[in-house]
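Worksheet: one structure, shown below.
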Amino acid sequence: MTKIGIVEDDKKLNNAIKLLLKKSNYEVVQTYTTYEGIQMLKNERIDVLLLDIGLPDGDGFEVCNYLPSDRYLPVIFLTARDDEIDMIKAYDEGCEDYIVKPFSMQVLLKRIEVVLRRNEYKKKILTYNGLEMNVDRREVKVHDNLISLTTKEFDVLYLLMKNMNRVLTKENILEVIWDSKEQYVDDSTVTVTISRLRKKLDDDPKAYIKNVFGSGYRFGE
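Taking the numbering used here, the leading residue of the sequence shown gets 501, the next gets one more, and so forth.
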């Protein structure tokens, strides 16, 4: 389910937006301050950020400093400020849209749909620290050099990259990549596949895929 984060100090408006989004089958995370917005970005994997500029403990531009570095997160500013300077600064920060209050809830909903649709293709290109995966073309490049991967190696890497910074156990990987009923496949298959994958991606075997002792593997920091 698509998850939308709200950073808006007007509780009445915040709750109205939450109600609208939930009725439209979105998952919602509510926050009301700059600090809470920053914590949300650190702890939640959201798909769109609705962000007020004027907040009681700072402004929305501060929150933008904490946007994730490992993926693109579209931002829609919701603000009473219709000043050209603020608008230009918002777009300089990389926002997808800028909506001036008061606004129609249905228009907000439509703009969210447009932003999600416009950015859908970006989910098919995964990048991290010089590594680029084109999901549609099933290609992987490291620093612009094409890497030859087997089908299973590609699938394992895709699973790890989709779950960036999350720990996946060998059992998780086996269940998704290999048929759980397939004979002669056990967790050593995962170990061997990841070992080969690491050698192909970088001279440093742990540059991209980290071991988490006693748990499994994690892609990213």
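Even glycine gets a Cβ: it sits at the ideal position worked out from N, Cα and C.
Residue i versus residue j - alpha carbon distance
i	j	result
D583	E593	16 Å
L659	I673	8 Å
A516	R638	42 Å
T651	D704	22 Å
I553	L649	45 Å
E671	T689	11 Å
L550	E721	27 Å
I709	M587	40 Å
F719	N543	17 Å
N665	R545	11 Å
S524	R696	44 Å
D559	D636	39 Å
K589	V563	13 Å
P556	Q539	16 Å
K601	T669	46 Å
R698	M605	48 Å
Residues of its chain near residue i, where Cβ-Cβ distance is below 7 Å and the 5 sequence neighbours each way are ignored
i	result
V528	I504, I506, K518, L521 and K522
I677	K652, D655, V656 and L659
Q530	I506, N514 and K518
G630	V642 and H643
I694	V656, I709 and Y717
One or two residues paired with residue i in a DSSP bridge
i	result
Y598	F577
L549	G505 and V575
E527	K503
N711	Y717
G558	L555
Other residues of its chain near residue i: CB distance less than 6 Å, five sequence neighbours each side excluded
i	result
T502	Y526 and D547
K512	none
N619	P574
L567	L573
Close-in-space but distant-in-sequence residues of the same chain around residue i (CB under 8 Å, 5 per side omitted)
i	result
S680	Note on S680: pLDDT 48, under 50, position unreliable in the model; the coordinate value appears next. Around S680: L674.
V667	V712, S715, G716, Y717 and R718
N663	F719
V607	I599
I611	Just to set this straight, residue 611 is Arg in the shown sequence, not Ile. Correct list, in chain order: I576, D597 and I599.
Checklist entry - Quick one: any contact between the stretch 524–535 and the stretch 565–584, if contact means 3 or more CB pairs under 8 Å? => result no
Checklist entry - Of all the beta strand (DSSP E) runs that stay within the bounds of the stretch 611–670, which reach a length of 3 or more residues? => result 625–628, 631–634, 639–642 and 645–647
Checklist entry - Pairing CB atoms from the stretch 627–644 with CB atoms from the stretch 684–695, are three or more of them under 8 Å? => result no
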